[in-house]
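In this note's numbering, the protein residues as written are 1 to 146.
All residues carry an ideal CB built from backbone N, CA and C; glycine is no exception.
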Amino acid sequence: MMYKAAAGLVAKRGYTNVMGFRDGIPGWAKAGYPLVKEHALPKVNVPSLNAAQLKGMLGNVCIVDVRTEKLYKEMGWIKGSLKIPLGYLSKRYTEIPKGKKVVVVDHAGKQVLVAGRFLKTKGYDDVSRLQGGLMAWLSQGYPLEK
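The structure is reproduced here in structure tokens:
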């Protein structure tokens, strides 16, 4: 019953006219209602780096942190990171320098593939992702800035 949880989260954010759709997208489509298909990001390879590899590259790469503002403030960040939350990447990607290796980081390695694929479609050729996100970085005892 994910729709109840989703509706509850939206209501907690102050929305007052909230309804949940029990059958989700499959039910919507089965009922014959229209769906809009976005173009999927191409299945391009975004190589992963472990925390030790990234640590060895500090100063020679552009680290793009795609976590939310809340996590960024709560946890801290890798020194020198460029903070662009994933939801803003399509508007702010031009802030990322071209011609330099880019490493995308997030909280636990779940959003970096989407971000990396997006950047590759925008002409960033040398893009990698931090395997396991900042949780992997912290598990190695590496520092974060605050």
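Next on the checklist: Taking 8 Å as the cut-off, does the stretch 19-29 touch the stretch 84-103 (at least 3 CB pairs, one atom from each stretch)?
Outcome noted: no
Checklist entry - Helix or strand or just coil, what does DSSP make of Ile25? => result helix
Item to check | Backbone CA spacing between Gly56 and Thr68 [nearest angstrom] | outcome: 25 Å
Item to check | Same chain, Cβ closer than 8 Å to Phe118, neighbours up to 5 away in sequence not counted | outcome: Leu41, Leu89, Ser90 and Tyr93
Checklist entry - What three-state label does DSSP hand Arg67 in the structure shown? => result coil
Next on the checklist: Just to confirm my understanding: we take Lys83, look at its own chain, exclude 5 residues before and 5 after, and list those with CB closer than 7 Å. What are they?
Outcome noted: Asp65, Tyr72 and Trp77
Checklist entry - Whole-angstrom Cβ separation of Gln140 and Ala51, contact assumed at under 8 Å? => result 5 Å
Next on the checklist: Just verifying my parser: in three-state terms, what is the DSSP assignment at Lys98?
Outcome noted: coil
Next on the checklist: So the candidates are Ala108, Pro143 and Glu38; which of them puts its Cα closest to the Cα of Gly80?
Outcome noted: Pro143
Next on the checklist: Measuring only the C-alpha atoms, how far is Arg13 from Lys4?
Outcome noted: 14 Å
Next on the checklist: On the CB-based measure, 16 or more other CB atoms within 10 Å of its CB, does Ile63 come out buried or exposed?
Outcome noted: buried
Next on the checklist: To the nearest angstrom, how far is the alpha carbon of Lys30 from that of Ala11?
Outcome noted: 27 Å
Next on the checklist: Starting from Arg129, trace the beta strand (DSSP E) in both directions and tell me its first and last residue.
Outcome noted: Val127 to Leu130
Next on the checklist: Do Val46 and Gly123 have their beta-carbon atoms positioned less than 9 Å apart in this structure?
Outcome noted: no
Next on the checklist: Please report the straight-line C-alpha distance between Pro85 and Leu134, rounded to a whole angstrom.
Outcome noted: 14 Å
Item to check | Residues that DSSP places opposite Glu145 in a beta bridge | outcome: Trp77
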